[in-house]
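Start counting at 1 in the sequence shown, then tack on 277, and there's your number in our numbering.
Below: the structure, in structure tokens.
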Amino acid sequence: MSSHPQSTSAPACDAAVRRQALDGLPEIDRPTQVSTDDAQTLSAALLARLRDLEPGTPEHAYVRNTLIELNLSLVRFAARRFRNRPEQKEDIVQVGTIGLIKAIDRFDPDRGIEFSAFALPTVVGEMKRFFRDTSWAVRVPRRLQELRIDMAKAADSLEQSLGHRPTRAEVAAHLHVPEERVAEGELAARGYTARSLDVSVFEDGDAPRGGSRRVAVSEPSYELIEDVASLKPLIAQLGERDRRILTLRFGEELTQAEIGERLGLSQMHISRLLTRILDELRTGLLDGEPAAADTSGATATGTCTGTAVATRAPAGTGTAAG
Numbered sequence: 278m279s280s281h282p283q284s285t286s287a288p289a290c291d292a293a294v295r296r297q298a299l300d301g302l303p304e305i306d307r308p309t310q311v312s313t314d315d316a317q318t319l320s321a322a323l324l325a326r327l328r329d330l331e332p333g334t335p336e337h338a339y340v341r342n343t344l345i346e347l348n349l350s351l352v353r354f355a356a357r358r359f360r361n362r363p364e365q366k367e368d369i370v371q372v373g374t375i376g377l378i379k380a381i382d383r384f385d386p387d388r389g390i391e392f393s394a395f396a397l398p399t400v401v402g403e404m405k406r407f408f409r410d411t412s413w414a415v416r417v418p419r420r421l422q423e424l425r426i427d428m429a430k431a432a433d434s435l436e437q438s439l440g441h442r443p444t445r446a447e448v449a450a451h452l453h454v455p456e457e458r459v460a461e462g463e464l465a466a467r468g469y470t471a472r473s474l475d476v477s478v479f480e481d482g483d484a485p486r487g488g489s490r491r492v493a494v495s496e497p498s499y500e501l502i503e504d505v506a507s508l509k510p511l512i513a514q515l516g517e518r519d520r521r522i523l524t525l526r527f528g529e530e531l532t533q534a535e536i537g538e539r540l541g542l543s544q545m546h547i548s549r550l551l552t553r554i555l556d557e558l559r560t561g562l563l564d565g566e567p568a569a570a571d572t573s574g575a576t577a578t579g580t581c582t583g584t585a586v587a588t589r590a591p592a593g594t595g596t597a598a599g
């Protein structure tokens, strides 16, 4: 029995709030469908009325909400400027609406300017702040984000005037900043976008995509690094003279004759020693067996050395040097 009076009194209460809030101004049934000219005229009157209402009251909330709906077209107009961005249009409009609400709360009718001229920069600024805070793949300081924008503008301007892509020094001189700061901005700009490692290199199976040039290629130096690392224990087990010969031949790049003069041996003897040393190292790399240590001294000559060379020298190299 008591629910019926309450249901009928609610619309009456809402109507009373609307009448008191508008205070003689025309009531707008569908604010979002009002033309642009009418929206500007009605907004000016409602903004003046909003100033006279106390915040937090139902009347203030009604006028404020009506102003928001009247000027949503301004937000959509501003959002079209960013239609090529990857963010969803609904998200951009929602952020722009926050800027519209801020503009309504800050607007002073006594300043004598149109509300749209005052609100548009606030709406666009809110959208740009949203892009700045959410669009970067890596979080970087705001000063570097702004520096990236300034560098892009400077590069475009200089390219038009100079006829070529400007250098880092030219950009720094144009912006009146040190080259180190421009380098820092270039490094920070790499954090704006990120490419997933899971993305396929080919889109259709045989057609390379634009980003395929960034895919890593095999580095031939890696195999050389592995060989050097494998040679270290083999060289460490060589005798002192053998290591000396390797240093003179491949470190100081001396000829066999010059090595022979240093060690008091003939060029033929040095040639056979190098052949034996390199064969042992090669065998150790291929088989994984360490090279046999050469226990002979730096001045060892004669039959013992000759025998060692003869037993290890490949076929066709002759007998040991005396």
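Glycine included, every Cβ here is placed at the ideal spot set by N, Cα and C.
Since we're looking at a predicted model, the values are computed, not measured.
- Between G373 and E346, the C-beta spacing is not below 8 Å.
- By the criterion of a C-beta distance shorter than 7 Å, V352 is surrounded in its chain by V370, G373, T374, L377, V400, once the five residues flanking it on both sides are discounted.
- The criterion of a C-beta distance shorter than 8 Å is not satisfied by L562 and S498.
- Of all C-beta pairs linking the stretch 517-526 to the stretch 543-561, three or more are shorter than 8 Å, placing the two stretches in contact.
- For N361, the closest C-alpha among the options N348, R326, F408 is that of F408.
- For R425, the number of other beta carbons within 10 angstroms of its own is at least 16, and it is reported as buried.
- Excluding the 5 residues flanking it on each side, E336 has same chain C-beta neighbours closer than 7 Å at V294, Q297, A298, L330, in chain order.
- The C-alpha of D300 lies about 11 Å from the C-alpha of L327.
- For R353, the enclosing alpha helix (DSSP H) has its first and last residue at 349-356.
- With respect to L302, L324 sits apart: the two C-beta atoms are not nearer than 8 Å.
- In terms of Cα proximity to S434, the closest of L452, R420, R419, E423 is L452.
- About 6 Å separates the beta carbon of A460 from that of R445, a gap short enough to meet the 8 Å contact definition.
- One alpha carbon belongs to E530, the other to P510, and they sit about 22 Å apart.
- When DSSP states are grouped into helix, strand and coil, P308 belongs to the helix group.
- With respect to the 8 Å criterion, L349 and T313 are not classified as neighbours on the basis of their beta carbons.
- A380 is positioned such that its CB atom lies no closer than 8 Å to that of F359.
- Taking the Cα positions, G541 is about 23 Å away from Q514.
- Remark: C-beta atoms of L525 and I536 approach each other more closely than 8 Å.
- Secondary structure of L302 (DSSP, three-state): coil.
- In the structure shown, R328 falls within a helical segment according to DSSP collapsed to helix, strand and coil.
- Residues of the same chain with a CB within less than 8 Å of the CB of A432, apart from the 5 flanking positions on each side, are R442, P443, V448 in chain order.
- Of the residues A450, E457, E436, G462, the one whose Cα lies closest to the Cα of V417 is G462.
- The beta carbon of R357 sits closer than 6 Å to no other beta carbon from its chain once the five residues preceding and following it are set aside.
- Distance from the CA of A429 to the CA of R419, rounded to the nearest whole angstrom, comes to 16 Å.
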